[in-house]
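Peer 1: Residue numbers (the numbering used here): 35 to 203. Ideal placement from N, C-alpha and C gives every residue a C-beta, glycine not left out. I have a structure here, written as structure tokens, and I will follow up with some questions on it.
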Amino acid sequence: MYIVKANVNDAKALAHVHVDSWRETYEGIMPKEVLDKKSYEQREGLWRKILQEQQSHVYVAKTVAGKIIGFADGGKERTGSYEYEGELYAIYILKEYQRNQLGKRLLKAVAADLYKNGYQSMLVWVVANNPSKYFYEAVQGSFIDEKNIEELHVKEIAYGWKDIKILLI
């Protein structure tokens with residue numbers, strides 16, 4: 035398995051991984067109707083738009099055969115409310131490929147890209163009931179904040195790295 039920067043030709047596969055991972059990850063955590071609203075077509079359009087932007091920081095994990103099995107996406111911190119320049123927007127890996135260090139490799143790829151583009155710090159928001167929150171603790175993310183997302187019926191926790199160089203080791 036290998037990690038590469040995504041391009042617009044990856045939009046359809048990214049959409050499938052995104053929707054399938056959401057359904058796998060959040061089953062029993064988010065209401066079924068929220069998960070059922072996620073569609074491949076809608077996500078493909080979103081990914082196509084993101085990947086056409088010049089400042090895209092999206093990386094994909096691929097099998098040796100070239101099948102996309104995971105992704106990570108990052109960029110500028112979106113709220114302006116925190117003393118962190120960058121943000122890991124999403125990282126998802128199909129369940130059958132998890133526990134193979136792909137999460138660390140994808141996180142490192144996005145962090146390296148952000149660092150190369152002048153970012154020194156980064157945060158990530160994770161659903162509190164999502165067991166992946168322990169991944170961010172394991173890679174030395176520090177607790178920053180928490181908030182309720184009413185429309186999804188979940189609480190999110192923010193973890194951050196004041197110096198993203200720690201993720202590049």
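Using 10 angstroms around the beta-carbon of residue 98, count the other beta-carbons present and answer buried if the total reaches 16, otherwise exposed.
Peer 2: Sequence index remark: in the sequence shown, residue 98 carries index 64 (1-based). Result: exposed.
Peer 1: Between the Cα of residue 173 and the Cα atoms of 138, 80, 184, which residue gives the shortest distance?
Peer 2: Against the sequence shown, residue 173 aligns to sequence position 139. For residue 173, the nearest C-alpha among the options comes from 138.
Peer 1: Give the secondary structure of residue 91 by DSSP, where H, G and I count as helix, E and B as strand, and everything else as coil.
Peer 2: As a working note, residue 91 is residue 57 in the sequence shown. DSSP places residue 91 in strand when its eight states are reduced to three.
Peer 1: Beta-carbon separation of residue 84 and residue 94 under 8 angstroms?
Peer 2: Within the sequence shown, numbered from 1, the residue matching residue 84 stands at position 50. Within the sequence shown, numbered from 1, the residue matching residue 94 stands at position 60. Contact: no.
Peer 1: So, do the segment 158-167 and the segment 142-149 have three or more beta carbon pairs nearer to each other than 8 angstroms?
Peer 2: In short, these stretches do not touch, since the Cβ pair count stays below three.
Peer 1: Give the secondary structure of residue 200 by DSSP, where H, G and I count as helix, E and B as strand, and everything else as coil.
Peer 2: Taking the sequence shown and counting its residues from 1, the one referred to as residue 200 is at position 166. Correct three-state label for residue 200: helix.
Peer 1: Who are the near neighbours of residue 54 in its chain, counting only those whose CB is closer than 7 angstroms to its CB and skipping five residues on each side?
Peer 2: Here residue 54 refers to the residue found at position 20 when the sequence shown is read from its first residue. For residue 54, where only same-chain residues beyond five positions count, the Cβ hits under 7 angstroms are 128.
Peer 1: Could you give the first and the last residue of the continuous beta strand (DSSP E) run that contains residue 129?
Peer 2: Taking the first residue of the sequence shown as 1, we reach residue 129 at position 95. Residue 129 -> no beta strand (DSSP E), and no H or E assigned at all.
Peer 1: Going by C-alpha distance, which of 51, 202, 187, 165 is nearest residue 77?
Peer 2: Mapped onto the sequence shown, residue 77 falls at position 43. Residue 77 has its Cα closest to that of 51, out of 51, 202, 187, 165.
Peer 1: Tell me the DSSP bridge mates of residue 177?
Peer 2: On the sequence shown, position 143 is the one that residue 177 refers to. Per DSSP, 193.
Peer 1: Report the option in 63, 103, 62 whose CA atom is closest to the CA atom of residue 38.
Peer 2: Position 4 of the sequence shown, counting from 1, holds the residue named residue 38. If we check each option's Cα against that of residue 38, 103 comes out closest.
Peer 1: Need the endpoints of the beta strand (DSSP E) that residue 36 sits in, please.
Peer 2: One-based indexing of the sequence shown puts residue 36 at position 2. First-last of the beta strand (DSSP E) with residue 36: 36-39.
Peer 1: Closest by CA to residue 115, which one among 140, 203, 142, 180?
Peer 2: Locating residue 115 in the sequence shown gives position 81, where the first residue counts as 1. The residue with the shortest Cα to Cα distance from residue 115 is 180.
Peer 1: Please state whether DSSP places residue 102 in a helix, a strand or coil.
Peer 2: Sequence index remark: in the sequence shown, residue 102 carries index 68 (1-based). Strand at residue 102.
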